[in-house]
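Chains as they are written, first to last, in the working numbering: chain D, -7 to 103; chain W, 511 to 622. For every residue, glycine included, the Cβ atom is placed at its ideal position computed from N, Cα and C. Written below as structure tokens is the structure these notes are about.
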């Protein structure tokens, strides 16, 4: 089982609030990813990182930002949450093999 | 660019029957493919992968077939069980840095 953790698992928050979704992995993986997934829909890559101090935007335009100050930690921040941000956010990491290991996800609801 | 969201196709299977989930891929140069299983409320979980120089790979109750001629991938689940109810995604590499391109996914519903 992969050692990748996401907190919180569920979050209900009001419009305009700043939130940070946490993602940590203890496998020492350099590559980490954030995906957005609506219920019953595909996974969309929103951010990725190839290592410390490396962050890139993914395919799906997102108002969120990420940081990678430590190898094991890849938090995602929304400065001002809106109802359109309601979704599931999945974090993943990868080593030299081609498998990406996923966390359990954070289900975000913005009211 | 952004892709339009697609609702997942559904495969309804009777418990004990075999399931076949299909996936079309786009890049003929991909050197491996991966199948993921996502149960409700959880993150995707690796099931099995196959390298492009193989036609078939078997795991525990699962078999993946690769047809490079028509760029088609399938996942066969033998003796489907209620615990197999989930969404199944195929994925292929997008670049040498490990980014994956996920397919639309198939919802498998196992009925008693």
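Query - Validate contact between the stretch 530 to 542 of chain W and the stretch 33 to 47 of chain D using beta carbons, cut 8 Å, 3 pairs - result: no
Query raised in the report: In whole angstroms, what separates the C-alpha of residue 65 of chain D from that of residue 534 of chain W?
Result: Counting only the Cα atoms, residue 534 of chain W lies some 34 Å from residue 65 of chain D.
Query - Test: residue 0 of chain D CB closer than 7 Å to a CB of chain B - result: Considering every chain present, this structure includes no chain B. Its protein chains are D and W.
Query raised in the report: What residue from W:589, W:558, W:522 has the CA that sits closest to residue 89 of chain D's CA?
Result: W:558
Query raised in the report: Counting pairs of Cβ atoms below 8 Å between the stretch 78 to 89 of chain D and the stretch 19 to 32 of chain D, do you hit three or more?
Result: yes
**Report entry** Contact set for residue 555 of chain W: own chain, Cβ-Cβ below 8 Å, skip 5 residues either direction
**Finding:** 546, 547, 548, 549
Query raised in the report: Alpha carbon to alpha carbon, what distance is there between residue 87 of chain D and residue 603 of chain W?
Result: Near 14 Å, if we compare the C-alpha coordinates of residue 87 of chain D and residue 603 of chain W.
Query raised in the report: Assuming residue 588 of chain W contacts residue 571 of chain W under a Cβ cut-off of 8 Å, what Cβ separation, rounded to an integer in Å, is found between them?
Result: Taking C-beta atoms under 8 Å as the contact rule, residue 588 of chain W and residue 571 of chain W qualify, at a distance of about 5 Å.
Query raised in the report: Cβ of residue 614 of chain W less than 7 Å from any chain D Cβ?
Result: yes
Query raised in the report: What does residue 544 of chain W reach in chain D if we use C-beta pairs closer than 7 Å?
Result: Going along chain D in sequence order, the residues near residue 544 of chain W (Cβ under 7 Å) are 90, 91.
Requested in this report: Taking a Cβ distance cut-off of 7 Å, strictly less, list which residues of the stretch 59 to 88 of chain D are near chain W, in chain order.
Outcome: 82, 86
Report task. Express the C-alpha separation of residue 102 of chain D and residue 516 of chain W in angstroms, rounding to a whole number. Result -> Legend: pLDDT at residue 516 of chain W = 48, less than 50; position of this residue unreliable, value from coordinates given subsequently. Distance between the alpha carbons of residue 516 of chain W and residue 102 of chain D: 23 Å.
Query raised in the report: Going by other Cβ atoms of all chains shown within 10 Å of its Cβ, with 16 needed for buried, is residue 616 of chain W buried or exposed?
Result: buried
Query - Within-7 Å CB hit, residue 514 of chain W to chain D - result: Confidence at residue 514 of chain W is low in this model, with a pLDDT of 36, below 50, so the placement of that residue is unreliable and no value is reported for it.
Report task. Determine the DSSP secondary structure at residue 559 of chain W, reduced to helix, strand or coil. Result -> strand
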